[in-house]
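Each remark here refers to the structure printed beneath this line.
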Amino acid sequence: MNALATTQLATAATEHRGLTMTLFGLFVLATLGITIWAGRQTNDAADFYAGGRGFTGFQNGLAISGDYMSAASFLGIAGAIALFGYDGFLYSIGFLVAWLVALLLVAEPLRNSGRYTMADVLAFRMRQRPVRTAAGISTIVVSIFYLLAQMVGAGSLVALLLGVSGDGAKRWTIVAVGALMVIYVAIGGMKGTTWVQIVKAVLLIAGTALMTVLVLAKFDFNVSHLLQAAADQAGKGSAFLEPGLKYGATGTSKLDFLSLGLALVLGTAGLPHILVRFYTVPTAKAARKSVLWAIGIIGGFYLMTLALGFGAAALVGPKTIKASNAAGNTAAPLLAENLGGGAGTTGGAILLAVISAVAFATILAVVAGLTLASSASFAHDLWANVIRKGKADEKEEVRSAKLAAIGIGAVAIVLSLFADKLNTAALVALAFAVAASANLPTLLYSLFWKRFNTTGAVSSVYAGLVSSVVLVFFSTVVSGGKNSLFPHSDFHWFPLENPGLVSIPIGFLAGWLGTVLAKEKADPAKAAELEVRSLTGLGAH
């Protein structure tokens with residue numbers, strides 16, 4: 312970070328550190344209260360994993376929005392638009408369009424066919440142990456990469472906004488966030504996590520709407536004037552408002568954009584912490600309603616990121632944003648400070664503190680959802696069905712899920728302490744790529760291909776998982792680039808930053824090959840039962 316820009320933000324936060332800490336503290340206390348209340352309402356496995364299936368479509372739509380709109384959405388997309396204009400907004404489009412895939416292909420069949428985890432659907436007509444093992448490993452890998460991105464972001468954001476510096480402050484912040492997410496999951500289960508996500512979604516939409524109105528007011532609510540001012544301030548002219556500023560310079564960058572787009576659009580329907588949300592409603596109709604509400608809420612949010620991104624470009628300027636953070640992640644906080652009156656003003660510090668608290672709430676809600684999905688998969692799939700071979704009762708299963716939450720939280724904390732220099736956007740993109748490569752092909756084949764068998768399912772998960780991780784390891788994300796994990800080494804041979812263009816087809820191809828080459832035959836009776844259940848809900852839990 313540029314020293315002057317960092318000092319300005321830190322000074323503004325330090326002058327009103329009491330306000331910032333009070334806002335953080337109020338949110339934490341409120342969500343802990345919700346969690347303890349929800350914990351008292353949690354009596355069995357259905358309560359812990361699925362919130363008793365008692366949430367309405369609207370409530371679940373808000374919770375899905377809270378689960379989906381991560382710090383990467385709030386901070387990252389605003390920064391991408393501020394730096395790259397039109398090309399930055401393509402992230403918003405990709406994240407939103409992805410919900411159409413989830414609505415049309417996944418939401419209703421998953422709610423009808425499964426019980427607690429994604430593996431319930433995959434293993435319905437397969438051999439339980441190999442399929443649940445593969446699905447459980449994939450779920451935990453995706454969740455941990457996503458957790459790393461959120462927790463590293465939390466460390467940087469909170470340390471900066473509380474006006475403290477040094478690696479020690481960031482690490483203590485990471486430990487605190489990790490401890491809170493374990494408490495949310497272990498005590499509140501799905502009920503507690505869902506209500507935390509609902510509160511967070513309301514705060515995020517309200518904060519974003521407030522900033523959007525303030526930005527538009529600066530330009531007399533004339534969007535054309537806002538866009539022109541952003542283009543002028545960026546120094547790129549009309550190119551800032553046209554395609555190609557980031558993705559279009561070379562053939563490789565165009566392929567990288569296609570790869571990223573595939574990962575974003577297809578990855579959402581395979582993200583474990585999103586998939587488990589469909590089990591929290593009582594009917595398939597409510598599942599569809601929750602996705603429609605989520606599309607509306609998320610669509611409105613991403614539309615407002617236009618105002619945040621172009622507003623930051625016009626009022627703060629790309630040079631100042633880059634000086635503060637090369638990736639643009641401080642665009643939204645800098646814009647908030649500017650809208651409140653600028654650096655050193657009371658209004659600027661107050662709005663900066665409010666938006667920072669919203670960002671912190673965003674991180675806490677997302678990490679709680681991720682921890683719940685991964686601990687549920689460990690307990691329900693790996694412990695109860697693989698290790699205990701179906702002999703574990705509900706109390707033992709829930710107890711193992713709570714212990715798994717502590718274990719996964721500890722792993723995420725330790726890894727995050729050593730990952731504070733990693734590119735968080737690359738970690739999020741990897742999570743989406745793994746989900747699209749390993750989870751989605753297997754899920755779609757299971758639901759819609761009667762011939763699909765255990766060998767195909769296991770092949771698809773492992774091929775998608777291994778190929779996506781290996782290709783990222785040998786890309787410029789890890790080595791050979793100035794923003795790489797190892798910038799002074801170069802062992803990359805894969806030209807793209809995101810592996811989706813290659814690993815997603817590998818996942819689908821491996822599932823098909825494994826199925827047609829295997830000697831085992833799919834059970835036609837089970838396939839027919841799954842088809843009827845997925846389409847009608849007959850026999851659904």
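For the sequence shown, the residue numbers in the numbering used here are 312 to 852.
All C-beta atoms in this analysis are idealised placements derived from N, C-alpha and C, irrespective of residue type, glycine included.
Please read these numbers as outputs of a predicted model, since none were measured by experiment.
- Rounded to whole angstroms, the gap between the alpha carbons of R699 and G365 is 29 Å.
- Spanning the alpha carbons of Q508 and G362 requires a straight line of approximately 13 Å.
- Sorting E808, T504, L776 by C-alpha distance to the C-alpha of S790 places E808 at the top.
- At the C-beta level, G464 and L515 stay beyond 9 Å of one another.
- One thing to note: A679 has its Cβ within 9 Å of the Cβ of T504.
- When DSSP reads this structure, S790 sits in a beta bridge with F797.
- Taking C-alpha positions only, G659 is separated from L646 by approximately 9 Å.
- If only uninterrupted beta strand (DSSP E) runs of at least 3 residues are considered, none is enclosed by the stretch 733 to 760.
- Remark: C-beta atoms of V592 and Y427 do not approach each other more closely than 9 Å.
- By the CB criterion at 9 Å, A744 and I815 fall inside the cutoff.
- One Cα belongs to A829, the other to T766, and the distance between them is close to 7 Å.
- Taken through DSSP and simplified to helix, strand or coil, S384 comes out as helix.
- Here V442 is not near T682, since their CB atoms are 9 Å or more apart.
- Residues R599, V602, L603, I606 of the same chain have their beta carbon placed closer than 8 Å to that of L414, with the five preceding and five following residues left out of the count.
- Rounded to the nearest whole angstrom, the C-alpha separation of A624 and L754 is 41 Å.
- Counting along the chain, E808 sits inside no alpha helix (DSSP H), nor does DSSP assign it H or E at all.
- Put simply, the stretch 432 to 439 does not touch the stretch 605 to 619. Fewer than three CB pairs are less than 8 Å apart.
- Annotated three-state conformation of Q539 is helix, per DSSP.
- Contact annotation: I674 and A643 have beta-carbon atoms that are not nearer than 9 Å.
- Pairwise C-beta distances place the stretch 568 to 578 out of contact with the stretch 335 to 343, as fewer than three of them are shorter than 8 Å.
- For N640, no alpha helix (DSSP H) segment is defined, and its DSSP state is neither H nor E.
- Rounded to whole angstroms, the Cβ separation of F785 and W804 is 5 Å, and the two are in contact under 8 Å.
- When the five nearest sequence neighbours on each side are left out, the beta carbons in the same chain lying within less than 7 Å of the beta carbon of S686 are those of V496, A712, A715, A716, I719, in order along the chain.
- Comparing C-alpha distances from G399 to each of L407, I388, A409 shows the shortest one belongs to I388.
- The straight-line gap separating the alpha-carbon atoms of S795 and Y558 is approximately 19 Å.
- Rounded to whole angstroms, the separation of the alpha carbons of V534 and A528 is 10 Å.
- The alpha carbon of N640 has as its nearest neighbour, out of R351, F359, G372, G390, the alpha carbon of G390.
- Under the DSSP assignment, K596 falls in the alpha helix (DSSP H) whose first and last residues are 595 to 626.
- Residue range 368 to 379 is occupied by the alpha helix (DSSP H) that includes I375.
- The alpha-carbon of T656 is positioned some 18 Å away from that of V526.
- DSSP places G499 in the helix class (H, G or I) of the three-state scheme.
- DSSP assignment within the stretch 698 to 723 yields no whole alpha helix (DSSP H) run of 4 residues or more.
- Beyond the five residues adjoining it in sequence on each side, L407 comes within less than 7 Å, by CB distance, of I609, G610, Y613 in the same chain, given in chain order.
- Measuring C-alpha to C-alpha distances from V486 to each of L738, T847, L776, S727 identifies S727 as the nearest.
- Setting aside the 5 residues that flank it on each side, Q352 is surrounded in the same chain by D358, G363, K502, each with a C-beta closer than 8 Å to its C-beta; the list follows chain order.
- Excluding five sequence positions before and after T579, the CB atoms of its chain that fall closer than 6 Å to its own CB belong to A409, A413, given in chain order.
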